[in-house]
Each structure stands twice: as structure tokens, then as C-alpha cells.
Amino acid sequence: MHLESFLVLLMGVCAVVGEPTVADASPRSSVWPDPFLARLGLIAADAAPGPQQEPTSSSGDVKDQGLEQSQAETIAMLEWLVDTVAEATTAPAGTFAAAPDAVPVLQDLGHAARSVAITPASEGEALMVHLNTVSRLINQLPGGEASFPAVRRAVVAALVLRRLRHGAFRPPQERTVQRLLQQLWTRHRAAAREKGIVEFAHVSKSGGTTFCQLAERNGCATESFAANKNCEVAVFRDQPRYVNGTVHVALRKGRKTQCDRPNKPMSLRREYSCAQRKRMLQEKRYTIYANEYTAVGGRLSPQLAHSCGNMLTVLQMRHPHSRMLSHIHHVWGTYLNHCGADREAVYFAGGHEATDWVRLLPAPLNNYLVRSLLGEKVFNLPAGQITEKHLGLARIFLAFQYDVLLVLEDSDLSNTALSYGLGWGEHELHVNAAAPDSGSDDGLPSNLDLLYDLNRLDVELYRSGVLMAKLDAIVYDAAQEGVPRS
297 MHLESFLVLL MGVCAVVGEP TVADASPRSS VWPDPFLARL GLIAADAAPG PQQEPTSSSG
357 DVKDQGLEQS QAETIAMLEW LVDTVAEATT APAGTFAAAP DAVPVLQDLG HAARSVAITP
417 ASEGEALMVH LNTVSRLINQ LPGGEASFPA VRRAVVAALV LRRLRHGAFR PPQERTVQRL
477 LQQLWTRHRA AAREKGIVEF AHVSKSGGTT FCQLAERNGC ATESFAANKN CEVAVFRDQP
537 RYVNGTVHVA LRKGRKTQCD RPNKPMSLRR EYSCAQRKRM LQEKRYTIYA NEYTAVGGRL
597 SPQLAHSCGN MLTVLQMRHP HSRMLSHIHH VWGTYLNHCG ADREAVYFAG GHEATDWVRL
657 LPAPLNNYLV RSLLGEKVFN LPAGQITEKH LGLARIFLAF QYDVLLVLED SDLSNTALSY
717 GLGWGEHELH VNAAAPDSGS DDGLPSNLDL LYDLNRLDVE LYRSGVLMAK LDAIVYDAAQ
777 EGVPRS
């Protein structure tokens with residue numbers, strides 16, 4: 297049986313379904329040479345140089361994007377993931393809305409994962425005890441729609457740390473580790489089947505149009521797959537908000553123009569809860585929808601913001617510098633299409649330097665990814681007011697609330713996630729919506745460094761997200777061991 301046919305049979309189209317397939321006890325060499333080092337681009341002290349240890353890059357075409365992390369930074373992030381699960385009581389309450397009683401188990405899991413990370417090779421029996429404890433605690437987590445993606449990431453992070461510090465796993469340990477990785481995937485798939493609907497957190501200019509088209513190719517159902525609808529459901533009012541309408545109107549100085557009202561202005565929405573959203577989607581038999589605004593629940597406080605964990609939550613990331621430049625190109629072209637000659641004569645009469653753009657597009661040009669995860673109160677803050685505290689909260693939400701992470705610049709990583717995170721057999725498609733004609737000028741300011749600095753926290757969050765996606769891929773690689781070969 298071919299892989300694509302097997303995925304459709306085993307997993308379905310819009311969520312991961314089906315029964316697990318037990319893998320051969322001996323891992324396939326193409327996947328197992330050293331999956332921890334291969335996926336994360338890390339080098340262990342005992343590792344012989346080889347192609348699988350070469351650091352990998354997911355950077356796009358923006359010069360010096362700063363994606364590459366030093367090994368020390370990566371290790372610090374891995375330790376943070378383990379510690380965050382072990383200290384689950386410090387996470388915002390909304391993080392565990394689907395299973396509030398799971399916090400004690402999560403804490404025990406985090407502590408067991410810590411033990412895995414620090415147990416040396418000489419204590420093989422103790423390591424097996426810790427690995428089996430982790431497995432037992434995973435089985436104690438509530439089932440149903442509760443998926444706990446942070447558990448998956450923290451457990452794999454602990455295995456990576458153990459590998460780096462104490463060398464390769466020995467054969468009995470290796471088999472136990474492989475079964476543990478497959479257990480994590482089985483849990484993900486079971487929760488996805490219970491959820492039944494995909495919620496796509498569409499961060500604008502990050503490949504969402506293509507993702508929506510792929511959803512149609514994979515048999516999903518929604519209100520519209522048109523490129524200007526992007527799988528959104530109109531009643532939810534999750535359309536993108538870019539332009540500060542007050543600034544747009546002020547630029548007119550009382551004059552009548554071809555575009556007195558801006559396109560895609562900032563505004564609040566009437567919020568539907570996740571339970572209401574899912575019920576309405578089920579009534580219409582939709583299996584996917586997109587939110588291109590910001591997480592729900594965060595109007596009063598970012599601590600209350602959340603994705604809809606009663607659905608399979610998917611987030612696609614793009615390097616913030618590339619995304620930001622794409623945003624400027626898009627809005628520059630939109631102003632030409634909607635305003636004509638008034639674009640230069642009125643709205644950009646003083647030029648289009650970085651300060652002009654930031655006044656007009658405070659959210660898209662200042663840590664847009666952080667804003668997209670933290671709800672309306674943070675999303676609508678003025679430019680320059682996103683803080684390290686916001687970054688820390690967004691990082692926790694990214695780890696705990698988003699089941700499947702995609703990285704636009706890394707097609708291999710994303711295709712693996714589409715196959716084993718979503719169960720989609722179709723993932724090669726290049727149908728990005730055409731950008732508006734922007735005329736002879738591209739609209740970019742001359743002082744891009746100012747904009748890059750305004751998105752420093754987004755770059756850090758993106759790096760964290762890429763690392764989490766790579767940890768997920770280690771689980772997906774183990775899941776591939778259960779797929780029958782032709």
C-alpha cells in the first residue's frame with residue numbers, strides 16, 4: 297500500500313483518526329540514525345560528524361534573518377519546555393480549560409521528564425524506570441478533546457537533552473523511547489479525532505491562502521475556499537485588521553478622497569465562545585475554519601486569551617521580517633487599488649518611511665505574531681507597547697494551545713506535520729493569492745532596521761515555534777515507523 301493511500305485510510309482528511317499501527321521493534325535506519333540531532337541540528341559530544349548533524353536552516357529570502365540559534369540557546373529552550381510542564385500551576389488558567397484537573401499529572405510528568413533528561417548512561421535501570429513513569433503518566437492524562445501538545449514537546453525535549461548530555465540510547469532503551477514517541481502520536485491522533493474540526497490560526501501574510509486551498513484538496517468543508525475568504529466564517533468576524541482608521545482619517549485632513557474609509561481597519565468583534573463556534577460549525581457540517589484576527593477571550597486581559605482547544609488547532613508561522621515586508625507590499629498595493637492617485641497625494645503625501653508605516657499599521661508592523669496569540673487587548677495596543685512579558689505569555693500559549701505547527705520556510709517540516717499532524721495526503725500546492733498591483737514603487741521604507749527592531753520579540757517567538765515544530769517532527773518520524781511500506 298502506498299503511503300498516501302494509507303494516510304487517507306488511517307487518518308481521514310481533516311483530522312487524525314483511526315487505530316494505531318504497531319511498528320517493527322527495530323527502528324528503520326532512514327529515520328533513526330539520530331533523530332534528535334538530525335531534526336534539531338544539534339551536535340552531541342559523542343557524535344561523529346555526518347550529514348544528519350549539520351545544522352538546518354528554515355530561513356527565507358530576507359538577509360540576515362537571525363533564525364539560526366546557538367546550541368546553548370536551543371538547550372535553554374528545551375529546558376524551558378520541560379520546566380514549564382513541571383510548573384504547570386504557574387500557567388494561565390485558560391490554558392487548561394479543557395481539562396483543569398490534569399494539572400497535578402502534568403506536574404508529575406514534567407518532573408519525570410526532568411529525571412529522564414539528567415539520568416546518565418551508567419544508570420540504565422533508573423532511566424528505564426523514568427521512561428516508564430513518563431509513559432504511565434501520559435496514560436493518566438484525561439482523554440477526549442484534551443490534547444496537551446506541550447506534553448509532547450516537553451517529553452521530546454527531555455529525550456533530546458538526555459541524548460546530548462549522556463550519549464545515544466542503548467538498544468533496550470531505544471525501543472522504549474520509540475514506543476514512547478509513538479504513544480505521544482497516538483494520543484495526538486485520538487484527541488484530533490475527538491475534536492473533529494480544524495481551527496486554523498491564520499497569521500496574515502504567512503501562507504494561509506495556500507493552507508485553505510490545501511484544506512479543500514484534502515476534502516475539508518467550510519463556508520468558502522475562495523482566495524478572498526480564506527476559510528473564514530463570516531458570522532465570527534475573524535477577518536484581518538491592519539489599518540489604524542483614526543490615522544487614516546486624520547491623513548485626509550477633511551478632504552474627500554476615493555477611499556475615505558480604510559480597507560481592513562482595526563476594530564473589535566462580537567465574540568463567540570469556542571463552544572458556540574464549534575456548535576455552529578457542526579450545524580453547518582464544516583470541518584475547518586480560519587481565524588485571521590486574534591485569539592478569542594482576551595479582550596479584558598491577555599491571560600484569558602486562548603485558541604479553541606475543542607478543535608484541532610493549527611498555526612502556520614513565517615519569519616517576521618518576511619511577513620512584515622509582505623504586509624507592506626500588500627497594503628501599499630491595496631491603497632493604490634482603493635485610493636488611486638490619492639495614495640501618494642493624500643495618504644502618503646509625506647512619504648512612506650518606517651514611522652509613517654508604523655503609525656498606519658501598528659499591529660502588523662510591531663510583533664504581529666505575539667499580538668495574534670494574546671487576544672484583542674494586546675492586539676490593539678499602540679506600536680511599541682508589546683513587552684517581554686507579552687512574549688513570555690505568548691510562548692506558553694504556543695506550547696500548550698496549538699496542536700500542529702507549520703513553518704512556511706521549511707517545506708519538509710511542514711509536509712511532515714501535514715501528513716502526521718493533520719493526516720492530509722495532499723500538501724504540495726502553490727496558489728498564493730496575487731498581491732495587489734502596487735505600481736512602480738514597492739512602498740518599502742529606506743530605514744528597515746527600525747522595523748526589524750520593532751519585531752524583535754516576534755523573531756524570538758518564531759524561533760521558539762520552529763523549535764517546537766521540530767520537536768513535533770521527531771514524534772511524526774516515529775509515527776512513520778508504523779506506516780506499512782509498499
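For the sequence shown, this note's numbering gives the first residue as 297, with consecutive numbering after it. Think of the CB as a built atom: it goes at the ideal place given N, C-alpha and C, for glycine as much as any other residue.
Query                                                                                                                                                                               : Result
Give me the Cα-Cα distance between Glu722 and Cys508, rounded to the nearest whole angstrom.                                                                                        : 12 Å
Have a look at Leu767, Arg759, Ala765 and Gly629 and flag the residue whose alpha-carbon is nearest the alpha-carbon of Glu369.                                                     : Arg759
Could you check what DSSP says for Glu421 in three-state terms: helix, strand or coil?                                                                                              : helix
Which of helix, strand or coil does DSSP assign to Val381?                                                                                                                          : helix
Grab the span of the alpha helix (DSSP H) containing Ile414 for me, first residue to last.                                                                                          : Val399 to Ile414
Kindly list the residues whose CB is nearer than 6 Å to the CB of Glu512, restricted to its own chain and excluding five residues on each side of it in sequence; keep chain order. : Phe521
Taking all protein chains shown into account, decide if Thr386 is buried (16 or more other Cβ within 10 angstroms of its Cβ) or exposed.                                            : exposed
Quick one, which of Ala690, Pro658 and Leu665 has its alpha-carbon nearest Leu677's?                                                                                                : Pro658
Kindly confirm or deny that the region 552-560 and the region 633-650 touch, where touching means at least three C-beta pairs closer than 8 Å.                                      : yes
Quick check on the DSSP output: what are the complete beta strand (DSSP E) runs of length 3 or more inside the region 585-641, in order along the chain?                            : 608-613
Can you tell me whether Val412 is buried or exposed? The criterion is at least 16 other CB atoms within 10 Å of its CB, across all chains shown.                                    : buried
Please name the residue in Asp754, His634, Leu600 and Glu375 whose C-alpha comes closest to that of Arg449.                                                                         : Glu375
Which residue marks the beginning of the alpha helix (DSSP H) containing Glu817, and which one marks its end?                                                                       : Limits of the chain in this structure are 297 at one end and 782 at the other, which puts residue 817 out of reach.
Please say whether Arg573 and Phe532 have beta carbons closer to each other than 8 Å?                                                                                               : yes
Does the separation of the CB atoms of Arg537 and Lys501 fall below 8 Å?                                                                                                            : no
Please identify the residue among Gln469, Thr609, Leu577 and Leu621 whose C-alpha is closest to the C-alpha of Ala695.                                                              : Thr609
Buried or exposed: which applies to Asp768, given that a residue is buried once 16 or more other Cβ atoms fall within 10 Å of its Cβ?                                               : buried
Determine which residues share a DSSP beta bridge with Leu702 and list them.                                                                                                        : Gln612
Take Leu547 as the anchor and find which of Phe693, Lys491, Tyr643 and Ile584 has the nearest alpha-carbon.                                                                         : Tyr643
Within the continuous alpha helix (DSSP H) that includes Phe644, where are the two ends?                                                                                            : Element bounds for Phe644: n/a, residue is neither H nor E.
Check Ala497 in the structure and name its three-state DSSP category.                                                                                                               : strand
Check whether the Cβ atoms of Val378 and Ala409 sit closer than 8 Å, and answer yes or no.                                                                                          : yes
Taking the straight line between their C-alpha atoms, what separation do you get for Arg459 and Ser418?                                                                             : 13 Å
Applying the 10 Å Cβ sphere with the 16-neighbour rule, what's the burial state of Asp754?                                                                                          : buried
Should Leu611 and Ala453 be called a contact, given that it needs their Cβ atoms to be closer than 8 Å?                                                                             : no
Relative to the alpha-carbon of Thr683, which residue among Thr712, Glu756 and Pro741 has its alpha-carbon at the smallest distance?                                                : Glu756
Is the distance from the Cβ of Ile434 to the Cβ of Gln479 below 8 Å?                                                                                                                : yes
Tell me which residues share the same chain as Leu457 and place their Cβ nearer than 6 Å to its Cβ, disregarding the 5 neighbours each side in the sequence.                        : Leu374 and Ala413
Which one of Leu405, Ser597 and His648 has the shortest CA to CA distance from Val430?                                                                                              : Leu405
Which runs of the beta strand (DSSP E) spanning at least 3 residues fall entirely within the region 441-503, listed in chain order?                                                 : 494-497
Determine the direct distance from the alpha carbon of Leu661 to that of Ala679, and round the result to whole angstroms.                                                           : 8 Å
Can you grab the Cα-Cα spacing for the pair Val762 / Lys549, in whole Å?                                                                                                            : 44 Å
Taking the alpha-carbon of Gln599 as reference, which of His623, Val674, Leu656 and Lys580 has the nearest alpha-carbon?                                                            : Val674
Let's see if you can read the secondary structure: which residues bound the alpha helix (DSSP H) around Gln572?                                                                     : Cys570 to Glu579
Can you check DSSP and say which residues form a bridge with Pro396?                                                                                                                : Partner(s): none; Pro396 has no beta bridge.
To the nearest angstrom, how far is the alpha carbon of Ala690 from that of Val666?                                                                                                 : 6 Å
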